[in-house]
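Chemist: If you scroll down you'll find the structure; I have some questions about it.
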Amino acid sequence: MDQLKQIESFVSVATRGSLSAAAREAGVTPAVIGRRLDALEARLGVKLLLRTTRRITLTFEGSAFLEDCQRILNDLANAEASVSLGGIKPSGHLRLTAPAGFGRRHVAPVVMRFLQDNPEVSCTLELSDRMVDLLNEGFDCAIRIGELPDSSLVSVRLAENRRVVIASREYLARHGTPRTPQDLLAHNCLCLAQQRGWQFTGEDGAPMLLRVAGNLECNDGAVLRDWTLAGLGLAWRSLWEVGEDLRSGRLVQVLEDWAAAPLGIYAVFPQRRHLALRMRLLLDHFRDTYARAEYWGA
1 MDQLKQIESF VSVATRGSLS AAAREAGVTP AVIGRRLDAL EARLGVKLLL RTTRRITLTF
61 EGSAFLEDCQ RILNDLANAE ASVSLGGIKP SGHLRLTAPA GFGRRHVAPV VMRFLQDNPE
121 VSCTLELSDR MVDLLNEGFD CAIRIGELPD SSLVSVRLAE NRRVVIASRE YLARHGTPRT
181 PQDLLAHNCL CLAQQRGWQF TGEDGAPMLL RVAGNLECND GAVLRDWTLA GLGLAWRSLW
241 EVGEDLRSGR LVQVLEDWAA APLGIYAVFP QRRHLALRMR LLLDHFRDTY ARAEYWGA
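This is the structure we're talking about:
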């Protein structure tokens, strides 16, 4: 039993990047995790992890040992599931992060339904527009939108994110409907603060960035949506944010033929292999929900 706990602690620290994150997952103190790692390295006679006050890195021997340990723990979980009368059930704690606006609308409700179906799972959801350091902050998964930077993180595409130009019927009745992106230069465009421009697909099929202007800017997309609903101008927003408004007729999409190629909505993880069962099932829950065309409201 002690040897198994040592191995489980080693895998948790190696994949989560810190003793404190592994300790939270196991429900013990970081000191307990540290003693297990010391005992494991003493028993094997090799150094598996290089620990400093700032970060933890795997040695060459530690990297090789990690793969074997992950496979062993996965095989053990499968073996227990095969003889369990009810099959294995997800349990334990998940730490997730997502952008604030998208997280409120499209992550928190999915997580809530998942926890209702899986009462032995608990979750901490942090909604923030900052770029969270998954490994060093002990998060299991981040939901991110847009092109992902090259990194050691692993990503799974959950859905597409379309950006659309929208306006109220009242605004279009007063000011006319733009037929080409260049027509926007004569319109009041409600922009996200410090936004470089709105993206379209040009006549040659290549991406095109158009700098637009208006009398209102804000760093909060929800405010831009409210201003658009009030008939103050046009806005370039994500379909996840305004889909219901389009379906209800509160807003109208324009320049559909010029829409830029969609970007991705991703689940991002700090490691590639052997996601916990609770994480794998939640990932399936996200994909099943987002795969329904009617879910996005347009």
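With the first letter of the sequence shown counted as 1, position 153 gets the number 153 in the working numbering; the numbers rise by one all the way through.
Ideal Cβ placement from N, Cα and C applies to all residues, glycine included.
(1) Looking at C-beta atoms only, is the number of pairs between the segment 165-174 and the segment 240-256 that lie closer than 8 Å three or more?
(2) Ignoring anything shorter than 3 residues or poking outside the segment 129-200, list the beta strand (DSSP E) runs there in chain order.
(3) Cutting at 7 Å between CB atoms, please list the residues of its own chain near TRP236, excluding the five before and the five after it.
(4) So is ASN118 in contact with chain C if we call contact Cβ pairs under 8 Å?
(5) Since I believe LEU263 is in contact with GLY300 (beta carbons under 8 Å), could you give me their beta-carbon distance rounded to a whole number of angstroms?
(6) With ALA235 as the anchor, note down where its beta strand (DSSP E) starts and where it stops.
(7) Could you give the distance in angstroms between the alpha-carbon of VAL13 and the alpha-carbon of LEU19?
(8) Leaving out five residues on either side along the sequence, give the residues of the same chain with a beta carbon under 8 Å from the beta carbon of ASN219.
(9) Going straight from the alpha carbon of VAL132 to that of VAL28, what length do you get?
(10) Measuring CA to CA, which of LEU229, HIS93, VAL268 is closest to ARG157?
(11) Assign ALA108 to one of three DSSP states: helix, strand, or coil.
(12) For PRO207, does the three-state DSSP call read helix, strand or coil?
(13) Thinking C-alpha only, which one of THR59, ARG24, THR52 is nearest GLU41?
(14) Kindly indicate which residue of ALA98, ARG36, GLY92 has the alpha-carbon position closest to the one of SER122.
(15) List the endpoints of the continuous beta strand (DSSP E) containing TYR266.
(16) By a C-beta neighbour count over all protein chains shown, 10 Å radius and 16 as the cutoff for buried, is SER128 buried or exposed?
(17) LEU281 lies in the alpha helix (DSSP H); which residues open and close that run?
(18) Does the separation of the CB atoms of VAL242 and ARG225 fall below 8 Å?
(19) Put LEU94 into one of helix, strand or coil per three-state DSSP.
(20) Taking the beta carbon of SER63 as the centre, do at least 16 other beta carbons fall within 10 Å, making it buried, or is it exposed?
(21) GLY202: which of ARG43, ALA260, ARG280 sits nearest, CA to CA?
(22) Quick one: grab the DSSP three-state call for THR57.
(23) To the nearest angstrom, how far is it from the Cα of LEU135 to the Cα of VAL111?
(24) Can LEU361 and ARG278 be called in contact, C-beta distance under 8 Å?
(25) So, at 8 Å on beta carbons, what are the nonlocal neighbours of LEU85 in its own chain, with the 5 sequence-adjacent residues on each side left out?
(26) Could you tell me the alpha carbon to alpha carbon distance between VAL46 and GLU61, rounded to whole angstroms?
(27) Taking DSSP's pairing of strands, which residues face ALA259 in a bridge?
Modeler: On the basis of the data shown:
(1) yes
(2) 141-145, 154-161, 163-167, 189-192
(3) For this step, residue 236 is matched to residue 236 along the sequence shown. Taken in chain order, the residues that qualify are ARG163, VAL165, TRP198.
(4) Looking at the structure shown, chain C is missing, and only one protein chain is on hand.
(5) Coverage of the chain is limited to positions 1 through 298, which leaves residue 300 absent and any answer about it impossible.
(6) In the sequence shown, residue 235 corresponds to position 235, counting from 1. Counting along the chain, the beta strand (DSSP E) containing ALA235 begins and ends at 234-238.
(7) The count along the sequence shown starts at 1 and reaches residue 13 at position 13. The count along the sequence shown starts at 1 and reaches residue 19 at position 19. Near 6 Å, if we compare the C-alpha coordinates of LEU19 and VAL13.
(8) Residue mapping note: residue 219 aligns to position 219 of the sequence shown, counting from 1. So the qualifying residues of the chain are LEU192, ALA193, GLN194.
(9) Looking up residue 132 in the sequence shown gives position 132. Looking up residue 28 in the sequence shown gives position 28. Cα to Cα, the separation comes out at about 24 Å.
(10) For the purposes of this step, residue 157 is taken as residue 157 along the sequence shown, with counting starting at 1. Ranking the options by Cα distance to ARG157, first place goes to VAL268.
(11) Locating residue 108 in the sequence shown gives position 108, where the first residue counts as 1. Reduced to three states, the DSSP call for ALA108 is helix.
(12) Start at 1 with the first residue of the sequence shown, and residue 207 comes out as number 207. Three-state DSSP puts PRO207 in a strand.
(13) As a working note, residue 41 is residue 41 in the sequence shown. When each option's Cα is compared against that of GLU41, the closest is THR59.
(14) One-based indexing of the sequence shown puts residue 122 at position 122. When each option's Cα is compared against that of SER122, the closest is GLY92.
(15) The sequence position of residue 266 within the sequence shown is 266, counting from 1. Its beta strand (DSSP E) spans residues 263-269.
(16) Numbered from its first residue, the sequence shown carries residue 128 at position 128. Classification for SER128: exposed.
(17) The residue labelled residue 281 in the question sits at position 281 within the sequence shown. Note, LEU281: alpha helix (DSSP H), 277-290.
(18) As a position in the sequence shown, residue 242 is number 242, starting the count at 1. As a position in the sequence shown, residue 225 is number 225, starting the count at 1. Contact: yes.
(19) Here residue 94 refers to the residue found at position 94 when the sequence shown is read from its first residue. In the structure shown, LEU94 sits in a strand (DSSP, three-state: E or B).
(20) As a working note, residue 63 is residue 63 in the sequence shown. Counting Cβ neighbours within 10 Å, SER63 comes out exposed, since fewer than 16 surround it.
(21) Taking the first residue of the sequence shown as 1, we reach residue 202 at position 202. GLY202 has its Cα closest to that of ALA260, out of ARG43, ALA260, ARG280.
(22) Taking the sequence shown and counting its residues from 1, the one referred to as residue 57 is at position 57. Here THR57 sits in strand by DSSP.
(23) As a working mapping, residue 135 is identified with position 135 in the sequence shown. As a working mapping, residue 111 is identified with position 111 in the sequence shown. Taking the straight line from one Cα to the other gives about 21 Å.
(24) An answer regarding residue 361 cannot be provided, because it is not within the stretch 1 to 298 covered by the chain.
(25) In the sequence shown, the residue the question calls residue 85 occupies position 85. At LEU85, the pLDDT of 44 sits below 50, so the modelled position is not reliable; the number obtained from the coordinates is stated separately. So the list is empty, once near-sequence residues are dropped.
(26) Start at 1 with the first residue of the sequence shown, and residue 46 comes out as number 46. Start at 1 with the first residue of the sequence shown, and residue 61 comes out as number 61. When the Cα atoms are used, VAL46 and GLU61 turn out to be separated by approximately 7 Å.
(27) Residue numbering aside, residue 259 sits at position 259 when the sequence shown is read from its first letter. Answer is PHE200, bridged to ALA259.
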